[in-house]
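Visitor: Okay, handing you the structure first.
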Amino acid sequence: EKLVDLMSRDKVVAWGECGLDYFDKNTRGQIKNHEKRELQRRVFARQMDLAVSLGMPLVVHTRFAEEDTLELMVKHLPENHLVHVHCFTSSASMAQELLQ
């Protein structure tokens, strides 16, 4: 509730940074723990829903989580919602999907 209050202030221009980061710094690969991934998915979905309800653009961070990021964005964001993917190290096909 307090976060929504803060995000509703006039000076706030976007919601973020939020998203999915499945990078495991111990293995230098992708997080395998299902519970950790599911927690990130739930939080990201909630953040997108709040951004939409407030009419705010979304600043997205995604790393080692392309498929889940796209799946959740398609499910939770209207087609015309403004999005900025600020930490983009993914594939050209991911970029094409984001542009559609």
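Each residue of the sequence shown is one higher than the one before, starting from 3 at the first, in the working numbering.
Cβ coordinates follow ideal geometry from the N, Cα and C atoms, glycine included.
When DSSP labels each residue in this structure, what does V54 get in the three-state scheme?
Guide: Position 52 of the sequence shown holds residue 54. Residue state, collapsed to three classes: helix.
Visitor: Can you grab the Cα-Cα spacing for the pair L8 / A94, in whole Å?
Guide: In the sequence shown, counting from the first residue as 1, residue 8 sits at position 6. In the sequence shown, counting from the first residue as 1, residue 94 sits at position 92. Distance between the alpha carbons of L8 and A94: 36 Å.
Visitor: Residue range of the alpha helix (DSSP H) that T91 falls in?
Guide: Along the sequence shown, one-based indexing puts residue 91 at 89. Per DSSP, T91 belongs to no alpha helix (DSSP H) and is neither H nor E.
Visitor: With a Cβ-Cβ cutoff of 8 Å, do G31 and T64 count as a contact?
Guide: The residue given as residue 31 occupies position 29 in the sequence shown. The residue given as residue 64 occupies position 62 in the sequence shown. Not in contact: G31 and T64 (Cβ atoms no closer than 8 Å).
Visitor: Residues in its own chain within less than 7 Å of E99 by CB, not counting five upstream and five downstream?
Guide: On the sequence shown, position 97 is the one that residue 99 refers to. Within the same chain, E99 has close Cβ partners L72.
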